[in-house]
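Residue numbers (the working numbering): 1 to 815.
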């Protein structure tokens, strides 16, 4: 169906061009109302046709009265109907003043008033007797016959007017003054032009708070001219554009573009096509505006009539009326939609559920009864469609399998859609049959024959490779089934006995059958086995007792308990193995140590096994021995005694250069000097007259030691105070005493000269652990104490440094 658009244009167009117009309007009437009146109040003051009108205060104090001017212009005569007032100026010629600059304001009058024949004498400041129709301070139109006629009175004395000034001007010296284009003045004139009946003009008020403030203005009646004038500028108002109704056509589901502004017009300007706006949306579609083109899109599958309304603006911004666009949407045939016909699965011999095809089709244009149904894709299954109900049948009661059938719905317009469903028939499953799996018997250590389980199962519905196998009943025997082949294994070569194993075949339908077979292993005697013999050790010059039960853990016999086996241990080259009851006694020659190998054998009476046992005889350190050490040594206090200590020691294990010597004396006056490189001990003494015991201790590299005591007898040669006053000829550092010590000891040293001395203690790791002296000392012999309470037992070194003299000695802390 084609798409077309019809536009109806109704053009009613005219345009006039008007320029702004300025008119000068003379006063139609003017007057002055005076607060003055006679004492008997029989007449009132006015100046209807006088040459002047006044605003302000006239007269002196006590006789001062307010004067107000009234003025009106005939606008209807000069301003056409329907125009827009743009500018207003009131020009008044002030030709006399009683004071300096004063504000003069104009107010819109709210009642009509009169200009009678009253005419004040020269100066006119006091006015004249009001004449019929004159406006006075009390009257709008004075009636001499009825002065108090209520129909002629102002509501308020002095005039009824809007209390808000439309304009104000400062008036000073005589000149023409202008009240120009305030918003209020323009509104006043615009209102009077539209409604002439409301045009009562303005009341003119000067400064009414002082004295002699009156300003005199030339009236319209002044023969010299220069009277009041109102200058008005006006223009004709803009006309709104006209939007014209449109019609168009389209087809279902098709958009249409409409140039709505083609038939719209504006009498006094131009159309702004970018201002098109939808003022009322369509009911059955949507719109989109692009400049002057409105695109209408109907909602899906809708056909019929729809409409929307729009407005448009002119170049002055005026908005048009709402025009209607009527759209006729022609129908288009839509294809049917088929979906969700369900799959079906039944067991062999059952029937499929019939299908109401109306449930699975939808067509926006046609009823279900208008659909024509066909099918395709079936091979063995039968399909029948009657009154849009499909019946699917199997070819026979034993048929099973699956077929996919496509159902197609076609509408009267020959449009169609299809949906497919799968129909499955499951076969009835028969269980497999398992029979005649054979028993097997083997000797201990043998292997069972593998079993091809396919040879012992049959299944009418499934092939052998569709059968899954499981087993049960075995406790020790190991069963594996791979690719339907069963392998039965013994847990170890010495196992014997029998087990009955059940084999179960299961088909894909979870139906199963089982058969059992007995698997027997007959016993055979096994030799005992020697495993992982331990290495044994004992110390030099000692023996080792090993119970026979200790060897049970190193023998395995599958047929006999450990206690019934026979155990033997043969001698080695140096180590002998004697039997003492249920024990082996191992020993070696005196002072022998090293490694030997013995043969171990076990037998069950028929079969045997053996292995080698490694025996380690561990060496034992022999302590050094001091032999023939002299018991007494005699020296005098001016001589010394030299002793080579290596001459008095025997150690079978440790060479002399690895022996450590220690010496201590029970008197500090006995001096002991040992050279560890030559093993020479030098004994000397100060002036003492007593025996001193020297303890000699030797220690080997295994910390074994021996000690002996030498008594040193000292003969006194020099006096004691002579000794104390002696100055040593060289620097000396004596052996500490006692040594070994716990926890204190003394260290002696000699200085031939006074000077700085430093004595420090070090451990075997070279770390300084104490500083005993660090400062100036006089020449002579000195002794210091060292307290090692905070140190661990062991070997320590003490070191002296005095000038270039440096010496180190050993000492032993033994706690």
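Here a beta-carbon is modelled for each residue, glycine too, at the ideal position from N, C-alpha and C.
Residues that residue i bridges to, as DSSP identifies them
i           : result
residue 514 : 504
residue 310 : 278, 323
residue 158 : According to DSSP, residue 158 bridges with nothing at all.
residue 23  : 232
residue 384 : 391
residue 66  : 57
residue 499 : 519
residue 616 : 537, 595
residue 634 : 713
residue 760 : 771, 799
residue 30  : 71
Same chain, Cβ closer than 8 Å to residue i, five either side skipped, listed in chain order
i           : result
residue 388 : 356, 357, 358, 368, 369, 371, 373
residue 523 : 444, 496, 559
residue 198 : 191, 192
residue 353 : 344
Sequence-distant residues of its chain with Cβ nearer than 6 Å to residue i (five each side left out)
i           : result
residue 799 : 760, 808
residue 92  : 177, 217, 228
residue 105 : 165, 168, 205
residue 302 : 284
residue 619 : 540, 593
residue 671 : 684, 734
residue 321 : 243
residue 441 : 520
Per-residue DSSP class, three states only, for residue i
i           : result
residue 393 : strand
residue 194 : helix
residue 142 : coil
residue 373 : strand
residue 564 : helix
residue 226 : coil
residue 583 : strand
residue 47  : coil
residue 812 : strand
residue 359 : helix
residue 648 : helix
residue 213 : coil
residue 664 : strand
residue 609 : strand
residue 550 : helix
residue 628 : coil
residue 186 : helix
residue 151 : helix
residue 571 : coil
residue 368 : helix
residue 18  : Low confidence applies to residue 18: its pLDDT is 49, below 50, so where it sits in the model is not reliable enough to give any reading.
residue 2   : Its pLDDT being 34, under 50, residue 2 is placed unreliably by the model, and nothing is read from it.
residue 765 : coil
residue 73  : strand
Chain-order list of residues whose beta-carbon lies under 7 Å from that of residue i (same chain, five-residue window excluded)
i           : result
residue 332 : 1, 251, 252, 253
residue 138 : 44, 153, 154, 157
residue 567 : 548, 551, 602
residue 669 : 685, 686, 688
residue 543 : 585, 586, 587
residue 149 : 143
residue 514 : 434, 502, 503, 504
residue 572 : 596, 597, 598, 615
Residue i - containing beta strand (DSSP E), residue span
i           : result
residue 673 : 670-675
residue 658 : Note, residue 658: premise wrong, no beta strand (DSSP E); not H, not E.
residue 540 : Premise fails: residue 540 is in no beta strand (DSSP E) and is neither H nor E.
residue 778 : No beta strand (DSSP E) contains residue 778, which DSSP labels as neither H nor E.
residue 84  : 84-97
residue 600 : 594-603
residue 682 : 680-685
residue 108 : 102-108
residue 415 : Run containing residue 415: none; DSSP gives neither H nor E here.
residue 403 : 401-410
residue 788 : Unbroken run through residue 788: none, as it is neither H nor E.
residue 353 : Segment: none, residue 353 is in no beta strand (DSSP E) and carries neither H nor E.
Going along the chain, which unbroken runs of the beta strand (DSSP E) with 3 or more residues stay wholly within the stretch 419-497? 440-443, 468-472, 478-482, 485-489
Which complete alpha helix (DSSP H) runs does the stretch 695-751 hold, if anything under 4 residues is left out? 720-724
What residue ranges within the stretch 236-299 form continuous beta strand (DSSP E) runs of no fewer than 3 residues, ordered along the chain? 246-251, 256-259, 271-280, 285-290, 293-298
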